[in-house]
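A.B. asks:
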Amino acid sequence: MKHTNRKLLSVLLICLMILPLALSGCAGKNKLVIGSKDFSENILLGELLAQLVEAKTDIKVERKLNLGGTFVCFEAIKKGNIDLYAEYTGTALTAQLNRDVIADPEEAYAVVAAEFQRQFGVSWLSPLGFNNTYTLAVTDEVYQTHGVETFSDLIPIADQLVFGAEHEFFDRQDGYDGLVETYGLTFKGEPQKMNVNLKYQAIGNGDMDVTDAFATDGAILRYNLKVLTDDLGFFPPYYAAPIVRTETLERFPELEAVLDLMAGLITDAVMTELNYQVDVEGEEIADVARAFLLEQGLID
Amino acid sequence: MKFAEFVGKNHQILLDSLLRHIELVTISVLGGMLLAIPLGIWLTRHRRLAGPVLALAGTVQTIPGLVMLGFALILLGTGMLPAVVVLTLYAILPVLRNTYLGIVEVDRGYTEAARGIGMTDLQMLCSVELPIALPTIVSGIRLSTVYIVSWTTLAGMIGAGGLGDLIWTGLATYNKQYILAGAIPSALLALVLGGLISLLERRLVSAGVRRARV
Amino acid sequence: MSAISTELLQGILQHLLLVSAAVGIATLLGVLLGVVAYWVRGLGNVLLLAAEIIQTIPSLALLALLMILFGLGNTTLVVGLVLYALLPIMRGTHTGLQNISPHLREAARGMGMSRLQRLFGVELPLSFPLIFSGVKIALVNSLSVAVMGVLIGAGGLGGIIYRGIQSLQMQRILLGAVPVVLMALLLEYGMSFVEKWLTNTRRPQTHPLNSPEETI
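Chains as they are written, first to last, in our numbering: chain A, 52 to 351; chain B, 1237 to 1450; chain C, 6 to 221.
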């Protein structure tokens, strides 16, 4: 009967639709999943690590770059959705471990490395060599008009300035609330909140006057922003390092040595330059990564 | 921190976001209506164009919200303006389609009677077609409003504010409380606004038609 | 450029896989629930209402909530897509079943068919066009909603689009968006065509003994 055939066909079609998903659920545990946060620098670091591992080992790499904010990556690595991503000591210390600021970079690193291992089974590998700290940046216009050099210089004029930052900044211990409280800042109106990558466009358009710039952001140069000094030391140091699930290191014994090849290789200046190539010159992240590794003689 | 505590601590932000959200929705739906209703009426007088125009508007509807916001972001920057532009565009189709269909489906008996007693086109429009089509048009406005409440949550990404801000913050920081603080009010807002306009719809069935139905 | 084309191809495949899996599951569930709604009137109204309420929840909000419950990844996105696809399919099934002439139901009962036999032999086949229509709506909507999957760690074309937004590159946004819109339009028109064919090749069997034109 025609009706039965059509029914059978429909059911078959539906099974075909669902099958691929069911199959893809069987993931192989012989691959390394590298994640990253959702801003270019971190994506670039993820890509660098991925290309390095692919070049130097037989490990199959799966990229889950541009995954989301800090906490998304953190959840993902804790759950094993990703094995590795690049984190910053200051972020780990204050935002994830909820500790107070430690100004000494080595001490901060020691604390986070010990705690991450103890609490989450995640290992911190050697720092990559740069400090991408949160800073405050103002437009050139504000700088020219008010001659501000430090965060404290903002206090008298804060009520004339609009502050804007990415959504994440408003829900971190080392973020907006702590900042304005420590310095006694009252900015004009409501703070602007937007996607992390759009801050610079907004400040360039004049939609806001002050933002939480990342120290190595390429766009600082592009928009000619003035970076201020954190005179009260509110922000901790943010040294970047690859963090890996300890069980992953055990699964791939050759991994740690390979990743350590990057130790100390990327200075503040180098990171800013690479970011500039991606954000301002519009180069492809994969290309910039490859060029850097070639130049360093790490791949050929 | 319990959710109640969270709400108490952040109630100002929550309130501001809610108000901004309502602001964005109101501006966009009104804007959409302003554009869609005259266009819909015009189309009923030029029916051959209706197919293509509605299809075009329908195509805009298939463009994912993130994409439209991306376009607006690049062309107009961040803030409320690009968001309102995108939301207004999205608000157009349901109202346009319902205005057109509402008028086109008016029983021929009524329009012929109107012409028969010597009404001009404008008189017929205002005294016969619009009143009868009104519930359908309002239904379109209701659909539009509910969609826009939903799409406005995306606008937080480009700095427009609204309840989306809370959801975006929660997404970035994997924070359930922020997500709930944004999700629950926006869902409620959609339901409440939809419900209110639905009530209005029922009230608006014109008296003559109601009598005729009985 | 070939790195981009592999990325694009991967994105399209993932997108299609996720959407079709979700709509497949939603069809099974939706038809089932639609049948339940048809059989049990009171429960049916509750189910339809629930589905409608789910639809009203802003998609970003729903996906974010699901992320908290189920974590990041493709599975979470599929759950969200299934939830959104339920209403159109349920409604299509329910309306299709409701539209069947009571005389046909009587006739089937008279022939000694059990409830299930009636369902699979007569009622569902007759409701097919409306169920098909519901599936069409679900598919087209899911294509669009799936773009947001990138925000909860899922694959699909959302990744390319989001990257384009972050880097403010129109070409990248278009690279991801154009396939989505094209697929949506193709499905919309293709399936509408099939829909029309389905309803035309059928006699008005919803009222075969009752059709006013045939009485005279």
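Ideal Cβ positions, reconstructed from N, Cα and C, are used throughout, including at glycine.
From Leu1323/B to Arg120/C, what distance separates their C-alpha atoms?
C.D. replies: Start at 1 with the first residue of the second sequence, and residue 1323/B comes out as number 87. Start at 1 with the first residue of the third sequence, and residue 120/C comes out as number 115. Those two C-alpha atoms are separated by around 48 Å.
A.B. asks: Would you say Ala1426/B lies against chain A (beta-carbon separation less than 8 Å)?
C.D. replies: Along the second sequence, one-based indexing puts residue 1426/B at 190. Chain A contact via Cβ: absent.
A.B. asks: Once the 5 residues before and after Gln168/A are set aside, which same chain residues still bring their CB inside 7 Å of it?
C.D. replies: The residue given as residue 168/A occupies position 117 in the first sequence. For Gln168/A, where only same-chain residues beyond five positions count, the Cβ hits under 7 Å are Ser174, Thr297.
A.B. asks: Count the other CB atoms, across all protein chains shown, that sit within 10 Å of the CB of Tyr194/C; report buried if there are 16 or more and exposed otherwise.
C.D. replies: Along the third sequence, one-based indexing puts residue 194/C at 189. It is exposed - the Cβ of Tyr194/C has fewer than 16 other Cβ atoms within 10 Å.
A.B. asks: Take Gly1267/B and list the residues in its own chain whose beta-carbon comes closer than 6 Å to its own, dropping the five residues that flank it on each side.
C.D. replies: Translated into the one-based positions of the second sequence, residue 1267/B becomes position 31. Contacts found: Thr1324.
A.B. asks: Measure the alpha-carbon distance for Lys239/A versus Val1265/B and round it to whole angstroms.
C.D. replies: Locating residue 239/A in the first sequence gives position 188, counting from the first residue. Locating residue 1265/B in the second sequence gives position 29, counting from the first residue. Lys239/A and Val1265/B: Cα-Cα distance of roughly 30 Å.
A.B. asks: Taking C-beta to C-beta, are Ile94/C and Gly161/C nearer than 8 Å?
C.D. replies: Here residue 94/C refers to the residue found at position 89 when the third sequence is read from its first residue. Here residue 161/C refers to the residue found at position 156 when the third sequence is read from its first residue. No, the Cβ-Cβ distance between Ile94/C and Gly161/C is not below 8 Å.
A.B. asks: Nearest to Leu63/A by alpha carbon, out of Ile30/C, Thr11/C, Leu23/C?
C.D. replies: Against the first sequence, residue 63/A aligns to sequence position 12. That would be Ile30/C, whose Cα lies nearest to the Cα of Leu63/A.
A.B. asks: Please go through the same chain and pick out, in chain order, the residues whose beta-carbon is closer than 8 Å to the beta-carbon of Thr1347/B, but skip the five residues on each side of it.
C.D. replies: Here residue 1347/B is taken as the residue at index 111 of the second sequence, counted from 1. If we look at Thr1347/B and ignore the five residues flanking it on each side, its Cβ neighbours are Met1360, Val1364, Glu1365.
A.B. asks: Rounded to whole angstroms, what's the CA-CA distance from Thr201/A to Lys277/A? Just pull it up for me.
C.D. replies: Taking the first sequence and counting its residues from 1, the one referred to as residue 201/A is at position 150. Taking the first sequence and counting its residues from 1, the one referred to as residue 277/A is at position 226. Each residue's Cα considered, the two are about 10 Å apart.
A.B. asks: Comparing C-alpha positions only, which one of Lys107/A, Thr142/A, Leu176/A sits nearest to Ile294/A?
C.D. replies: Counting from one through the first sequence, the residue named residue 294/A turns up at place 243. Per the Cα distances, Leu176/A.
A.B. asks: Leaving aside the five residues before and after Ala78/A along the sequence, list all residues of the same chain whose C-beta is less than 6 Å from its C-beta, in chain order.
C.D. replies: Counting from 1 along the first sequence, the entry for residue 78/A is found at position 27. In this prediction, Ala78/A scores a pLDDT of 49, lower than 50, which makes its location untrustworthy; the coordinate-derived value is nonetheless stated afterwards. Hits under 6 Å: none found.
A.B. asks: Can you round the beta-carbon distance between Asp281/A and Thr186/A to whole angstroms, since I take them to be within the 8 Å contact cut?
C.D. replies: The residue you call residue 281/A lines up with position 230 of the first sequence. The residue you call residue 186/A lines up with position 135 of the first sequence. 7 Å between Cβ atoms; contact.
A.B. asks: Please report the distance separating the alpha-carbon of Gly97/A from that of Arg1281/B.
C.D. replies: Locating residue 97/A in the first sequence gives position 46, where the first residue counts as 1. Locating residue 1281/B in the second sequence gives position 45, where the first residue counts as 1. Computed Cα separation, rounded: 59 Å.
A.B. asks: Is the distance from the Cβ of Phe125/A to the Cβ of Asp225/A below 8 Å?
C.D. replies: Translated into positions along the first sequence, residue 125/A becomes position 74. Translated into positions along the first sequence, residue 225/A becomes position 174. Cβ distance not < 8 Å, so Phe125/A and Asp225/A don't count as in contact.
A.B. asks: State yes or no: is the C-beta of Leu14/C within less than 8 Å of the C-beta of Leu180/C?
C.D. replies: By 1-based counting over the third sequence, the position of residue 14/C is 9. By 1-based counting over the third sequence, the position of residue 180/C is 175. Contact: no.
A.B. asks: Express the C-alpha separation of Leu325/A and Gly180/A in angstroms, rounding to a whole number.
C.D. replies: Translated into positions along the first sequence, residue 180/A becomes position 129. Translated into positions along the first sequence, residue 325/A becomes position 274. Cα to Cα, Gly180/A sits roughly 14 Å from Leu325/A.
A.B. asks: Can you list, in chain order, the residues of its chain whose CB lies under 7 Å from that of Asn81/A, leaving out five sequence neighbours each side?
C.D. replies: As a first step, residue 81/A is located in the first sequence; it is residue number 30 there, counting from the start. Shown here for Asn81/A: same chain residues with a beta carbon closer than 7 Å to its own, the five before and five after excluded, namely Lys111 in chain order.
A.B. asks: For Lys1238/B, decide whether its Cβ has a neighbour in chain C, counting only Cβ atoms nearer than 8 Å.
C.D. replies: For the purposes of this step, residue 1238/B is identified with residue 2 of the second sequence, where counting begins at 1. No, no contact with chain C.
A.B. asks: Taking the straight line between their C-alpha atoms, what separation do you get for Leu1275/B and Ser91/A?
C.D. replies: For this step, residue 1275/B is matched to residue 39 along the second sequence. For this step, residue 91/A is matched to residue 40 along the first sequence. Taking the straight line from one Cα to the other gives about 44 Å.
A.B. asks: Any beta carbon from chain A within less than 8 Å of Val28/C's own beta carbon?
C.D. replies: The residue labelled residue 28/C in the question sits at position 23 within the third sequence. For Val28/C, the answer is yes, since a Cβ of chain A falls inside 8 Å of its Cβ.
A.B. asks: Just to confirm the assignment, what range does the beta strand (DSSP E) spanning Lys1245/B have?
C.D. replies: Within the second sequence, the letter at position 9 stands for residue 1245/B. That residue, Lys1245/B, is in no beta strand (DSSP E); its alpha helix (DSSP H) goes 1239–1245.
A.B. asks: Give me whichever residues DSSP pairs with Gly215/A in a beta bridge.
C.D. replies: One-based indexing of the first sequence puts residue 215/A at position 164. Beta-bridge pairing links Gly215/A to Gln243/A, Thr262/A.
A.B. asks: At a CB-CB cut-off below 9 Å, which residues of chain B make contact with Pro93/C?
C.D. replies: Position 88 of the third sequence holds residue 93/C. None at all; the shortest Cβ gap to chain B is about 14 Å.
A.B. asks: Given this structure, state the Cα-to-Cα distance separating Ile1277/B from Pro1367/B, to the nearest angstrom.
C.D. replies: By one-based count along the second sequence, residue 1277/B stands at place 41. By one-based count along the second sequence, residue 1367/B stands at place 131. Cα to Cα, Ile1277/B sits roughly 13 Å from Pro1367/B.
A.B. asks: Please return the same chain residues whose Cβ sits closer than 8 Å to the Cβ of Ser203/A, not counting the five positions on each side in sequence.
C.D. replies: Looking up residue 203/A in the first sequence gives position 152. These residues qualify, in order along the chain: Tyr234, Asp282, Leu283.
A.B. asks: Can you find a CB in chain C that lies within less than 8 Å of the CB of Asn132/A?
C.D. replies: Position 81 of the first sequence holds residue 132/A. At least one chain C Cβ lies under 8 Å of Asn132/A.
A.B. asks: Below 8 Å on the Cβ atoms is my contact criterion, and I expect Phe221/A with Thr1405/B to pass it. Report the Cβ-Cβ distance as a whole number of Å.
C.D. replies: As a position in the first sequence, residue 221/A is number 170, starting the count at 1. As a position in the second sequence, residue 1405/B is number 169, starting the count at 1. Confirmed, Cβ separation roughly 6 Å.
A.B. asks: Taking 8 Å as the threshold (beta carbon to beta carbon), is Leu1279/B in contact with chain C?
C.D. replies: Translated into the one-based positions of the second sequence, residue 1279/B becomes position 43. With a threshold of 8 Å between beta carbons, Leu1279/B makes no contact with chain C.
A.B. asks: Given that Thr32/C touches chain A, what residues does it touch there, using C-beta distances under 7 Å?
C.D. replies: What you label residue 32/C is simply residue 27 of the third sequence in a count that begins at 1. Neighbours of Thr32/C across chain A, judged by C-beta separation under 7 Å: Ile65.
A.B. asks: Quick one: grab the DSSP three-state call for Ser1264/B.
C.D. replies: Within the second sequence, numbered from 1, the residue matching residue 1264/B stands at position 28. The answer is helix: DSSP assigns Ser1264/B an H, G or I state.
A.B. asks: Alpha carbon to alpha carbon, how far is Cys1362/B from Gly1345/B? Give it in angstroms, no decimals.
C.D. replies: Against the second sequence, residue 1345/B aligns to sequence position 109. Against the second sequence, residue 1362/B aligns to sequence position 126. Per the coordinates, the alpha-carbon of Gly1345/B lies some 16 Å from the alpha-carbon of Cys1362/B.
A.B. asks: Could you spell out the range, first to last residue, of the alpha helix (DSSP H) harbouring Tyr234/A?
C.D. replies: Numbered from its first residue, the first sequence carries residue 234/A at position 183. Counting along the chain, the alpha helix (DSSP H) containing Tyr234/A begins and ends at 227–234.
A.B. asks: Is Phe412/A near Tyr1410/B, with beta carbons less than 8 Å apart?
C.D. replies: There is no way to answer for residue 412/A, as the model of chain A reaches only from 52 to 351.
A.B. asks: 8 Å is my cut-off, CB to CB: does Ala264/A come that close to chain B?
C.D. replies: The residue you call residue 264/A lines up with position 213 of the first sequence. No, because no Cβ of chain B sits closer than 8 Å to the Cβ of Ala264/A.
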